[in-house]
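**Student:** So that you can map any letter, position 208 of the sequence shown is 238 in the numbering used here, and since no number is skipped, the others follow by simple counting. Virtual Cβ for every residue (Gly too), placed ideally from N, Cα, C. One structure, pasted below without further comment.
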Amino acid sequence: MTYTEFEKILLAEFPSVSGEQLKQFAALDALYRDWNSKINVISRKDIDELYRHHVLHSLAIASYASRSGGVLEPGSKVLDLGTGGGFPGIPLAIMFPEVEFTLCDSIGKKITVASNVAAALGLKNVKCVNARAESLPQTFDWVVSRAVTALENFIPWVKGKYSKGILYLKGGDIAEEIGVAMNRWKMQKGSVSVWAVDQWLNDEYFAGKFVIRIEK
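This is how it looks when you write it as structure tokens:
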């Protein structure tokens, strides 16, 4: 997917996106190619599909938020746990400049990439930390993440770290995975909802991919 193809999809879904935001999205390709040549955080196969596989996938959370009241509102504080090179946090930070994002990863070289990309884009609403979630002293409104582990493992990592909910990008047999997590952690019935990404993106790549919302 080229940037031009990406921009067409972006403007169709988010017509109020600004010229500055478009410039930031356009800059992602060169920035990630440069940093990926130094520190490999995206596979060589995937770097040519940066906009489809990484940026658009991250923005599925933004699309979900636009359809759901009270999600990622201005002033919200968001933790992106296991951000890797900055996904979904950096695309979301571009889209939501009035939301504060903390991008967290336990692998230092990945945070080096994320922090340098954020700085190059001039993102004032991004803080990058090399740490485990359990060690963070603050709490957040929302936690976002992209398939860093099974839900049953992820939920205890962020216990006590959020006040509103989790927005988790995941694919595959999520029904079984959700059931296992709910049973293990005695989650209330109705606390988990699922939104299919291909409701927005009519693209084979996004078939079977979901935004899982877990209420506080």
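Confirm, please, whether the CB-CB distance from Pro-104 to Gln-51 is below 9 Å.
**Tutor:** No, the Cβ-Cβ distance between Gln-51 and Pro-104 is not below 9 Å.
**Student:** Would you tell me roughly how many angstroms separate the C-alpha atoms of Ala-180 and Val-188, rounded to the nearest one?
**Tutor:** If I take the Cα positions, the gap works out to 13 Å.
**Student:** From the beta carbon of Tyr-81, is the nearest beta carbon of chain C less than 9 Å away?
**Tutor:** Absent from the structure is chain C; it holds one protein chain and no more.
**Student:** Could you check what DSSP says for Asp-78 in three-state terms: helix, strand or coil?
**Tutor:** Three-state result, Asp-78: coil.
**Student:** Which residues in the same chain as Met-31 place their Cβ atom closer than 7 Å to its Cβ, once the five residues preceding and following it in sequence are excluded?
**Tutor:** Excluding positions up to five away in sequence, the list reads Glu-79, Tyr-81, Arg-82.
**Student:** For Thr-132, which of helix, strand or coil comes out of DSSP?
**Tutor:** Strand, per DSSP.
**Student:** If the criterion is Cβ atoms closer than 9 Å, does the pair Tyr-192 and Val-241 meet it?
**Tutor:** Not in contact: Tyr-192 and Val-241 (Cβ atoms no closer than 9 Å).
**Student:** Tell me whether Gln-229 counts as near the ligand NAD, meaning its Cβ is closer than 8 Å to at least one heavy atom of that ligand.
**Tutor:** Here there are no bound small molecules, and the ligand NAD is not part of this structure.
**Student:** Rounded to whole angstroms, what's the CA-CA distance from Asp-233 to Ala-205? Just pull it up for me.
**Tutor:** Distance between the alpha carbons of Asp-233 and Ala-205 is about 22 Å.
**Student:** According to DSSP, simplified to helix, strand and coil, what is Ser-250?
**Tutor:** It is not possible to answer for residue 250, since the shown part of the chain is limited to 31 through 246.
**Student:** Let me know if Trp-230 comes out buried or exposed under the rule of 16 or more other beta-carbons within 10 Å of its beta-carbon.
**Tutor:** Classification of Trp-230: buried, given that the 10 Å Cβ count is 16 or more.
**Student:** Who does Gly-195 pair with in a DSSP beta bridge?
**Tutor:** Looking at the DSSP assignment, Gly-195 forms a beta bridge with Trp-172, Glu-245.
**Student:** Which residue wins for smallest C-alpha separation from Asp-171, given the options Ala-226, Leu-58, Pro-118, Lys-107?
**Tutor:** Comparing Cα-Cα distances from Asp-171 to each of Ala-226, Leu-58, Pro-118, Lys-107, the minimum goes to Lys-107.
**Student:** Cα-Cα, which of Asn-213, Ala-60, Pro-167, Ala-161 is closest to Asn-183?
**Tutor:** Closest by alpha carbon: Asn-213.
**Student:** Using a Cβ-Cβ cut-off of 6 Å (strictly less than) and excluding sequence neighbours within five positions of Ile-141, which residues of its own chain qualify?
**Tutor:** For Ile-141, where only same-chain residues beyond five positions count, the Cβ hits under 6 Å are Asp-135, Cys-158, Asn-160.
**Student:** Check each candidate in Ala-95, Ser-93, Arg-176, Ala-150 and name the one with the smallest Cα separation from Asp-59.
**Tutor:** It is Ala-150.
**Student:** Which class does Leu-109 belong to by DSSP, given the choice of helix, strand or coil?
**Tutor:** Strand, per DSSP.
**Student:** Applying the criterion that 16 or more other CB atoms from any shown protein chain within 10 Å of the CB defines a buried residue, is Gly-112 buried or exposed?
**Tutor:** Buried: at least 16 other Cβ atoms inside 10 Å.
**Student:** Looking only at C-alpha atoms, which of Lys-53, Glu-245, Lys-216, Gly-138 sits nearest to Val-71?
**Tutor:** Out of Lys-53, Glu-245, Lys-216, Gly-138, Gly-138 has the C-alpha closest to the C-alpha of Val-71.
**Student:** By the three-class DSSP mapping on this structure, what secondary structure does Trp-65 have?
**Tutor:** Helix.
**Student:** Quick one: Cα of Phe-44 to Cα of Phe-55, how far?
**Tutor:** Going from the Cα of Phe-44 to the Cα of Phe-55 covers about 13 Å.
**Student:** For Phe-240, list the residues DSSP reports as bridge partners.
**Tutor:** Looking at the DSSP assignment, Phe-240 forms a beta bridge with Lys-200, Ala-226.
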